[in-house]
Amino acid sequence: MTQREPSPADPSVPEVTVAPAAPAASAMPAGTPAAAVHGGGAWADFRRRVGKNRGAVIALCVLAFLLLVAFIGPYITPADPNAQNLRAVLLDPFSPGHLLGTDQLGRDILSRLIVGTRVSLLAIGLALVVAMVVGVPLGFLAGYLGGRFDGLVMRLNDAAMSFPPLLLAIALVAVLGPSLRNAMFAVGILMAPRFLRLVRGVVIGLKEETFVEASRSIGTPTHMIILRHILPNTLSPLTVAIAVTAGYAMLSEAGLSFLGLGVQPPDASWGSMIREGFLYFGRSPWLGIFPGVLIALTVFTFVTLGDGLRDALGREERTES
1 MTQREPSPAD PSVPEVTVAP AAPAASAMPA GTPAAAVHGG GAWADFRRRV
51 GKNRGAVIAL CVLAFLLLVA FIGPYITPAD PNAQNLRAVL LDPFSPGHLL
101 GTDQLGRDIL SRLIVGTRVS LLAIGLALVV AMVVGVPLGF LAGYLGGRFD
151 GLVMRLNDAA MSFPPLLLAI ALVAVLGPSL RNAMFAVGIL MAPRFLRLVR
201 GVVIGLKEET FVEASRSIGT PTHMIILRHI LPNTLSPLTV AIAVTAGYAM
251 LSEAGLSFLG LGVQPPDASW GSMIREGFLY FGRSPWLGIF PGVLIALTVF
301 TFVTLGDGLR DALGREERTE S
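Under full-length UniProt numbering, the first residue of the sequence shown carries the number 1, and numbering increases by one thereafter.
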């Protein structure tokens with residue numbers, strides 16, 4: 001018998017449908033990080049996640065504006081911030097020539113707020129530098145070396161954290177002398193134990209990872225393991241800690257300046273302006289309200305930025321897991 005070839009129009013032959021090829025992205029392994037799909041690396045993927053957080057973006061814009069004011073502030077002040085005019089004492093806001101009024105010595109409040117921006121942000125930077133220089137290296141060594149050195153460092157760290165921070169800062173400033181530099185040095189010393197504990201915990205978790213043990217097994221020196229593998233992986237949580245701690249540093253500077261242990265007259269900072277306005281609160285409440293609002297706004301900006309960075313890092317960890 002001769003077998004008949006089925007024709008395309010023959011209804012007895014079932015029609016075979018060929019499925020289209022799957023996209024190339026679906027062929028990737030399940031554990032592939034999102035950064036590998038989008039391209040640009042982990043840092044670019046982290047920036048994309050931060051960019052999707054509206055609060056973090058607004059906080060970055062506010063912080064950039066404050067930094068700009070800090071840099072160009074002395075050149076845009078409407079008046080000399082330290083110039084006294086006893087004929088124009090305690091003027092109300094929106095007075096002619098004084099948008100935010102004047103203080104008890106006739107000095108322009110707006111000019112002193114602008115100049116105080118640089119002083120306040122400089123105080124934050126100084127405190128963070130001292131805290132990181134002291135806390136981060138000790139945290140690295142304690143977490144990586146372990147043993148008796150880790151035990152000794154952590155006992156000293158716990159002892160330092162047991163003291164009330166403000167009282168210990170006042171004691172240190174009393175010994176060193178009242179000034180902005182000494183006050184922020186004391187605040188940085190008090191913040192160092194928190195950075196030490198954070199870095200130590202991260203390093204303890206990282207040194208047991210497979211890639212670190214592989215580097216150690218092939219004879220990679222300890223300092224190269226720290227610089228190439230451990231240090232880059234601690235930058236993300238350290239960045240979040242810096243953003244959150246900056247708000248506490250500003251509050252500490254304001255508190256010490258309010259007590260007369262920070263910025264000394266005639267220089268202006270937001271904390272010292274609150275101290276000066278406190279004496280005249282019944283007559284001119286805006287003397288303390290304006291710098292207080294700026295301090296609250298700046299602290300809220302740092303906290304919001306820290307929360308945004310923490311959320312972005314949390315999404316990264318969930319994605320990669």
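Note that beta-carbon positions come from the ideal geometry of N, C-alpha and C, so glycine has one too.
**Asked** If you count every other CB in all the chains shown that lies within 10 Å of the CB of S252, and 16 or more means buried, which is it?
**Response** Counting from 1 along the sequence shown, the entry for residue 252 is found at position 252. The residue in question, S252, is buried, as its Cβ has 16 or more Cβ neighbours within 10 Å.
**Message:** So, at 6 angstroms on beta carbons, what are the nonlocal neighbours of F302 in its own chain, with the 5 sequence-adjacent residues on each side left out?
**Reply:** Counted from its first residue, the sequence shown places residue 302 at position 302. Correct list, in chain order: A243, A246 and G247.
**Asked** What is the rounded straight-line gap between the Cα of A254 and the Cα of G125?
**Response** Position 254 of the sequence shown holds residue 254. Position 125 of the sequence shown holds residue 125. When only Cα atoms are considered, A254 and G125 end up about 14 angstroms apart.
**Prompt:** So E213 is in the alpha helix (DSSP H); what residue range does that whole segment cover?
**Reply:** In the sequence shown, counting from the first residue as 1, residue 213 sits at position 213. For E213, the uninterrupted alpha helix (DSSP H) run begins and ends at T210 to S217, by DSSP.
**Message:** Once the 5 residues before and after R87 are set aside, which same chain residues still bring their CB inside 8 angstroms of it?
**Reply:** Stepping through the sequence shown from its first residue, residue 87 is reached at position 87. Closer than 8 angstroms at Cβ, skipping near neighbours: G106.
**Asked** When you compare only the Cα positions, how much space is there between F300 and V62?
**Response** Taking the sequence shown and counting its residues from 1, the one referred to as residue 300 is at position 300. Taking the sequence shown and counting its residues from 1, the one referred to as residue 62 is at position 62. About 10 angstroms.
**Prompt:** Quick one, are the C-beta atoms of L294 and W270 less than 8 angstroms apart?
**Reply:** Numbered from 1 along the sequence shown, position 294 holds the residue referred to as residue 294. Numbered from 1 along the sequence shown, position 270 holds the residue referred to as residue 270. It is a contact, given that the beta carbons lie within the stated cut-off.
**Message:** On the criterion of 16 or more Cβ atoms from any shown chain inside 10 Å, does M28 qualify as buried, or is it exposed?
**Reply:** Stepping through the sequence shown from its first residue, residue 28 is reached at position 28. A caution first: M28 carries a pLDDT of 40, below 50, which makes its placement in the model unreliable, though a value can still be read off. Around the CB of M28, fewer than 16 other CB atoms lie within 10 Å, so the residue is classed as exposed.
**Min CB distance M191 to chain C below 8 angstroms** = The displayed structure is made up of one protein chain only, and chain C is not part of it.
**Backbone CA spacing between V37 and A70 [nearest angstrom]** = Within the sequence shown, the letter at position 37 stands for residue 37. Within the sequence shown, the letter at position 70 stands for residue 70. The predicted model places V37 with a pLDDT of 41, which falls under 50 and marks its position as unreliable; any figure quoted below should be read in that light. Those two C-alpha atoms are separated by around 40 angstroms.
**Request:** Grab me the residues of P178's own chain with a C-beta within less than 8 angstroms of its C-beta, minus the 5 sequence neighbours each way, in chain order.
**Result:** The residue you call residue 178 lines up with position 178 of the sequence shown. If we look at P178 and ignore the five residues flanking it on each side, its Cβ neighbours are G260, L261, G262 and Q264.
**Item:** Range of the contiguous alpha helix (DSSP H) that encloses F149
**Value:** Here residue 149 is taken as the residue at index 149 of the sequence shown, counted from 1. Note, F149: alpha helix (DSSP H), G147 to M161.
**Item:** At least 3 beta-carbon pairs within less than 8 angstroms: the stretch 76-94 vs the stretch 203-222
**Value:** Segments in contact, no.
**Asked** Are the beta-carbon atoms belonging to L287 and D150 less than 8 angstroms from one another?
**Response** Locating residue 287 in the sequence shown gives position 287, counting from the first residue. Locating residue 150 in the sequence shown gives position 150, counting from the first residue. Contact flag unset, no.
**Asked** Does the Cβ of S236 have 16 or more other Cβ atoms within 10 Å, making it buried, or fewer, making it exposed?
**Response** For the purposes of this step, residue 236 is identified with residue 236 of the sequence shown, where counting begins at 1. For S236, the number of other beta carbons within 10 angstroms of its own is at least 16, and it is reported as buried.
**Message:** Short of 7 angstroms in beta carbon distance, which residues of its chain neighbour F278, apart from the five on each side in sequence? Order them along the chain.
**Reply:** For the purposes of this step, residue 278 is taken as the residue at position 278 of the sequence shown. Only residues of its own chain outside the window of five on either side were considered, and among them G288 have a CB closer than 7 angstroms to the CB of F278, listed in chain order.
**Prompt:** Quick one, are the C-beta atoms of A249 and A171 less than 8 angstroms apart?
**Reply:** As a working note, residue 249 is residue 249 in the sequence shown. As a working note, residue 171 is residue 171 in the sequence shown. The answer is no: Cβ separation not under 8 angstroms.
**Cβ contact (3+ pairs, closer than 8 angstroms) linking the stretch 216-230 and the stretch 152-168** = Taking 8 angstroms as the limit for Cβ pairs, the verdict is that the stretch 152-168 does not touch the stretch 216-230.
**Request:** With a 10 Å radius around its C-beta and 16 neighbouring C-beta atoms as the bar for buried, classify I114 as buried or exposed.
**Result:** Your numbering for residue 114 matches position 114 in the sequence shown. When all chains shown are included, I114 counts as buried.
**Request:** Answer yes or no: do V187 and G143 have a C-beta to C-beta separation smaller than 8 angstroms?
**Result:** As a working note, residue 187 is residue 187 in the sequence shown. As a working note, residue 143 is residue 143 in the sequence shown. G143 sits away from V187, with the two beta carbons spaced by 8 angstroms or more.
**Asked** Going by beta carbon distance, what residues of the same chain come within less than 7 angstroms of L138, once the five residues before and after it are set aside?
**Response** For the purposes of this step, residue 138 is identified with residue 138 of the sequence shown, where counting begins at 1. Answer for L138: V153 and L196, listed in chain order.
**Request:** Between the Cα of I72 and those of L122, R118, T298 and P93, spot the shortest distance and give me the residue it belongs to.
**Result:** The sequence position of residue 72 within the sequence shown is 72, counting from 1. Nearest option by C-alpha distance: R118.
**Start-to-end residues for the alpha helix (DSSP H) that takes in I230** = Counting from one through the sequence shown, the residue named residue 230 turns up at place 230. Here I230 belongs to no alpha helix (DSSP H), and DSSP marks it neither H nor E.
**Closest residue to Y75 among L297, G97 and S111 (Cα-Cα distance)** = Residue 75 sits at position 75 when you count from the first residue of the sequence shown. Nearest neighbour of Y75 by Cα position, chosen from L297, G97 and S111, turns out to be S111.
**Prompt:** When burial is assigned at 16 or more other CB atoms within 10 Å of the CB, is L68 buried or exposed?
**Reply:** Taking the sequence shown and counting its residues from 1, the one referred to as residue 68 is at position 68. L68 sits exposed, since fewer than 16 C-beta atoms from the chains shown fall within 10 Å of its C-beta.
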